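Chains as they are written, first to last, in my numbering: chain L, 93 to 454; chain X, 156 to 584.
Since the structure comes first, as structure tokens, the remarks are kept for the end.
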Amino acid sequence: MIFNDFDPKEDKIFRVIDNEGKVINKNLMPDLDDETVIQAYKHMLFFRAADEMAVSYQRQGRMYTYPPCIGHEAIHAAAGMIIRDQDWLAPAFREVGIMLLKGVTMKEIFLYYMGNEEGSNFKKANHVLPISISIGSQYLHATGIGYSVKHQRKDEIVFTSIGDGGTSEGDFSEALNFAGLWKVPVIYTIQNNQYAISVPVRNQTNAVNLAIKSYGFGIPGVKVDGNDFFAMYATYKEATEYARAGKGAVLIEALTYRKGAHTTSDDPTKYRTKEEELEWAKTDPMIRLKKYMDNKGIWKENEEELIEKYKLEVDKQFEEAENMAPYKLEDVFNYMYVDMPDDLKRQKTDYEQFLTWKESKK
Amino acid sequence: MRYIFNFPDIGEGLEEGTILEWYVAKGQAVKAGQALVNMETDKVVTDIPSPKSGTIVAIYGSVGETIRVGSPLVEIEIEGVSGADAVVEAKAPLTVPIDEGGAGVVGTMELAASNALLAASDEGSSKPKAEEKTPSKVLATPLARAMARDLNIDINKLSGTGPSGRVTKEDIQKAVESKSPTVAHKKTETFTQTFSGDEVTYEPLSQIRKAIAKNMLNSKQNTAHMTLFEEVEISELMRIREKLKPKFSDKNTKLTYLPFIVKAIVQALKAHRQLNSQMDMENDRMVFKNRYNIAVAVDTPEGLVVPVIKDADRLSILQIAQKIAELSDKARDRKLSMDDMKDGTFTITNYGSIGGVFATPVINYPQAGILGIGRIVTKPIVKGDQIVVGHVLPLSLSVDHRIVDGGEASRFINQVMEYLSNPVLMLVE
Numbered sequence: 093m094i095f096n097d098f099d100p101k102e103d104k105i106f107r108v109i110d111n112e113g114k115v116i117n118k119n120l121m122p123d124l125d126d127e128t129v130i131q132a133y134k135h136m137l138f139f140r141a142a143d144e145m146a147v148s149y150q151r152q153g154r155m156y157t158y159p160p161c162i163g164h165e166a167i168h169a170a171a172g173m174i175i176r177d178q179d180w181l182a183p184a185f186r187e188v189g190i191m192l193l194k195g196v197t198m199k200e201i202f203l204y205y206m207g208n209e210e211g212s213n214f215k216k217a218n219h220v221l222p223i224s225i226s227i228g229s230q231y232l233h234a235t236g237i238g239y240s241v242k243h244q245r246k247d248e249i250v251f252t253s254i255g256d257g258g259t260s261e262g263d264f265s266e267a268l269n270f271a272g273l274w275k276v277p278v279i280y281t282i283q284n285n286q287y288a289i290s291v292p293v294r295n296q297t298n299a300v301n302l303a304i305k306s307y308g309f310g311i312p313g314v315k316v317d318g319n320d321f322f323a324m325y326a327t328y329k330e331a332t333e334y335a336r337a338g339k340g341a342v343l344i345e346a347l348t349y350r351k352g353a354h355t356t357s358d359d360p361t362k363y364r365t366k367e368e369e370l371e372w373a374k375t376d377p378m379i380r381l382k383k384y385m386d387n388k389g390i391w392k393e394n395e396e397e398l399i400e401k402y403k404l405e406v407d408k409q410f411e412e413a414e415n416m417a418p419y420k421l422e423d424v425f426n427y428m429y430v431d432m433p434d435d436l437k438r439q440k441t442d443y444e445q446f447l448t449w450k451e452s453k454k
Numbered sequence: 156m157r158y159i160f161n162f163p164d165i166g167e168g169l170e171e172g173t174i175l176e177w178y179v180a181k182g183q184a185v186k187a188g189q190a191l192v193n194m195e196t197d198k199v200v201t202d203i204p205s206p207k208s209g210t211i212v213a214i215y216g217s218v219g220e221t222i223r224v225g226s227p228l229v230e231i232e233i234e235g236v237s238g239a240d241a242v243v244e245a246k247a248p249l250t251v252p253i254d255e256g257g258a259g260v261v262g263t264m265e266l267a268a269s270n271a272l273l274a275a276s277d278e279g280s281s282k283p284k285a286e287e288k289t290p291s292k293v294l295a296t297p298l299a300r301a302m303a304r305d306l307n308i309d310i311n312k313l314s315g316t317g318p319s320g321r322v323t324k325e326d327i328q329k330a331v332e333s334k335s336p337t338v339a340h341k342k343t344e345t346f347t348q349t350f351s352g353d354e355v356t357y358e359p360l361s362q363i364r365k366a367i368a369k370n371m372l373n374s375k376q377n378t379a380h381m382t383l384f385e386e387v388e389i390s391e392l393m394r395i396r397e398k399l400k401p402k403f404s405d406k407n408t409k410l411t412y413l414p415f416i417v418k419a420i421v422q423a424l425k426a427h428r429q430l431n432s433q434m435d436m437e438n439d440r441m442v443f444k445n446r447y448n449i450a451v452a453v454d455t456p457e458g459l460v461v462p463v464i465k466d467a468d469r470l471s472i473l474q475i476a477q478k479i480a481e482l483s484d485k486a487r488d489r490k491l492s493m494d495d496m497k498d499g500t501f502t503i504t505n506y507g508s509i510g511g512v513f514a515t516p517v518i519n520y521p522q523a524g525i526l527g528i529g530r531i532v533t534k535p536i537v538k539g540d541q542i543v544v545g546h547v548l549p550l551s552l553s554v555d556h557r558i559v560d561g562g563e564a565s566r567f568i569n570q571v572m573e574y575l576s577n578p579v580l581m582l583v584e
């Protein structure tokens, strides 16, 4: 079992292919046919194209702040290909790939980053929570949902994810403590992309790695090469089997690198070096999977054409989002509670007064 | 169809950005998503991509200029919809930035002073909380805030009667009615003169003009200017230049006097480091520069720009000539980058190429010296005991007298003159 063989106490890391795409751990290579591998790569191509387009739209002033996902594609593709329709996803904000494979559309993602509440109303995605911007709260939601599905004896498990910085939040510990105690069917991922905005991991914890924190909560943990699609796939596969068998939660530290900025308001050149970026570039998840396919000679598509096709699709969805009717004032107040509490009602009245006054000034 | 692309707020409440580099020029075809310009903002340095495919018909602002959020960056003639005269403006910026501080990681949150309580249990209670001291920023409803701005009332000076001391619409109205001293209608007194009819034409300040005005005033207010004038006979230099001209034109370079002057200055600066320095009174120290980066003022139709010949001490006269040609071409084509214009340590202004003999050049602050080069004049000079025809180059040197004493300035200019009257010396020393 991966979770036993790669003990975070010894700071072991689970990896299946190296940077040249060569299989270095045949025993644990997941049993995937070529078609599935090619599909995984296509998913990753789409994620990256969509991500680049999103940053571009933001720079064109057509969308608000966006947190780029570039570099995280292998984690997203692996989780997204394993999560089932009935399973739950409690996402943070750097998880567009998993969300897409769960059935969320780019149009909805764009609406979200345009400030439209419709961007949290995922019409075709089952059991996906709205994006959690506040750091860490999604872990608590996941624990709660896990407790609920366990109580109801449903064949559902929960996926959630946090960044390396998020592990310093109280929410992280609170969620995992009860996860261990209640043995909830939840897959907790730490997307360790080396930076919490500008704070490097070494300034985040004195622990040898982040997976080792699983010991404190009495759940299995493993550190995985998050830029290795096969390692991520094998880990998620084993984790879901464990959770579905009623054994409880697991903690996965997926080691990756945030190739982009924290958000479009951030400039990473201010706190990290070009040399470091180039060093990590060698581990790029897409380059590695591509090399694996090339070694096997199974990639025969025209990549440029595919990217162009994906970009057109993304652009179409963006324009649909851009041309939606503007959202109404009520939307800001409406969806949090079934019955609107008094203080929210008062805020709404205040704002309506403001709008009336503004209208009268025209 | 004409599409006007306004500089968007790309960083959660930005007000402006500075152009670092243009990637496109007027008349060029662009695709949606293609980078137009590299901009520096408070948050990031980034490329701004085009929102539309089409042809660039106008670009606004040159390198170094500051563009306000919401002001036009480029105009694009959109393919396929030409003919129609309709002009489409980019959608109003997504946000109207109002700087109230408190920019968050992913948004902006309302900040209150630490003693402005926001106890959940008090929500909805009408009893005002007693405040111990005036908070630096009060809580207020959006309506109250907007009204206060509109009526020019400092909302932070009001004590609110709403929950947790929140300032309400009623509080603002009361403040207006009582004409309390918190209502400020102060206007800065400025010299104003009214002109009638067609006596004058008003023109808004361009960003580059604004920058020039600011820099000049800054220099005059923060340094102690002192200027001295000299004349140097350069017949020998003229002979050398005539002799070398063909050699340089073989290499497609026009040889002017400027490269010789740059070389002479660099060598004189090495002996007189005060001239290659800056005053840092805030930290009680002087800053001596170990690099010799010579800035050259260039006159362009848009205004004065000052590109820099970096590490001129490591360049031959030919290389200096080539660098000057490259920088002036860039200046004329408005292609100068921020990098081309920074880190200068001493400046030359060659107004003589247009006309003028002497001047009192304004120091390129915070540098310590600037040398003005006048027009070469042919006039009688005394050589030995004879009056002969001389070719005289007028020099005007301004220094920051806080760091450069008069004697030092004279010794520096003497050395420059020595090199120019006897250029072979530059090789020897």
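Where is the CB? At the ideal position from N, CA and C, for every residue including glycine.
Nothing here was measured: the structure is a model prediction, and the numbers come from that model.
Check	Outcome
If you pair each beta-carbon of the segment 140-153 of chain L with each one of the segment 170-183 of chain L, do three or more pairs fall below 8 Å?	no
Check whether the segment 570-582 of chain X touches the segment 418-434 of chain X, counting contact only when three or more Cβ pairs, one atom from each stretch, lie closer than 8 Å.	yes
By how many angstroms is the C-alpha of X:Glu170 removed from the C-alpha of L:Gln445?	28 Å
Taking buried to mean at least 16 other C-beta atoms within 10 Å of its own C-beta, is X:Ile253 buried or exposed?	The predicted position of X:Ile253 is uncertain, since its pLDDT is 38 and thus under 50; a value taken from the coordinates is nonetheless stated next. Exposed.
Considering only residues of the same chain and omitting the five flanking positions on each side of L:Asp320, which have a CB-CB separation below 8 Å?	Arg107, Val108, Ile109, Ala166, Pro377, Arg380
For L:Tyr349, name the three-state secondary structure that DSSP assigns.	coil
Just the C-alpha distance for L:Gly313 and L:Lys305, rounded to the nearest angstrom, thanks.	8 Å
Starting from the N-terminal side, write out each stretch of the alpha helix (DSSP H) that is 4 residues or longer and does not extend beyond the segment 176-241 of chain L.	188-193, 198-205
Any C-beta of chain X sitting closer than 8 Å to the C-beta of L:Ser290?	no
Just the chain L side, please: which residues come within less than 8 Å of X:Met302 by C-beta, in chain order?	Trp449
Is L:Ile282 helix, strand or coil by DSSP?	strand
In chain order, which continuous runs of the beta strand (DSSP E) of length 3 or greater are located wholly inside the segment 274-322 of chain L?	278-284, 313-317
Under a Cβ-count criterion, where at least 16 other Cβ atoms within 10 Å of its own Cβ denotes burial, should L:Gln283 be classed as buried or exposed?	buried
Using three-state DSSP, classify X:Met434 as helix, strand or coil.	strand
Any residues in the segment 142-153 of chain L with a beta carbon nearer than 7 Å to a beta carbon of chain X? Which ones, in chain order?	Ser148, Gln150, Arg151, Gln152, Gly153
Verify whether the separation of the beta carbon atoms of X:Lys409 and X:Ala467 is less than 8 Å.	no
With L:Lys467 as the anchor, note down where its alpha helix (DSSP H) starts and where it stops.	Outside the modelled stretch of chain L, which goes from 93 to 454, sits residue 467 of chain L, for which no answer is possible.
Could you round the C-beta distance between X:Ser217 and X:Arg489 to whole angstroms and report it? I think they count as a contact, below 8 Å.	4 Å
When we look at the beta-carbon of X:Asn448 and count the other beta-carbons within 10 Å, is it buried (16 or more) or exposed?	buried
For chain X, check one thing: does any of its Cβ atoms lie closer than 8 Å to the Cβ of L:Ser212?	no
Check the Cβ of X:Glu167 against every Cβ in chain L and list those closer than 9 Å, keeping chain order.	Tyr156, Thr157, Thr355, Thr356, Ser357
Suppose you measure from the CA of X:Val331 to the CA of X:Glu325; what does that come to, to the nearest Å?	10 Å
How do the segment 229-241 of chain L and the segment 189-209 of chain L stand: do at least 3 beta-carbon pairs fall below 8 Å, yes or no?	no
Below 8 Å between beta carbons: does that hold for L:Ala184 and L:Ser253?	yes
Tell me whether X:Arg330 sits in a helix, a strand or coil according to DSSP, three-state version.	Note on identity: in this sequence residue 330 of chain X is Ala, with Arg being the wrong assignment. Here X:Ala330 sits in helix by DSSP.
Taking only three categories from DSSP, how would you classify X:Thr201?	strand
Is the distance from the Cβ of X:Ser553 to the Cβ of X:Gly511 below 8 Å?	no
Check whether the Cβ of L:Gln296 lies closer than 8 Å to any Cβ atom in chain X.	no
Report yes or no: do the segment 135-145 of chain L and the segment 110-127 of chain L share at least 3 C-beta pairs separated by less than 8 Å?	no
Count the other CB atoms within 10 Å of the CB of X:Phe160; is the residue buried (16 or more) or exposed (fewer)?	buried
Between L:Gln286 and L:Tyr349, how many whole angstroms is the CB-CB distance? I'm expecting something under 8 Å.	6 Å
Between the beta-carbon of X:Leu491 and the beta-carbon of X:Pro456, is there less than 8 Å?	no
Under 8 Å, do L:Gly352 and L:Gly189 count as touching if we go by C-beta distance?	no
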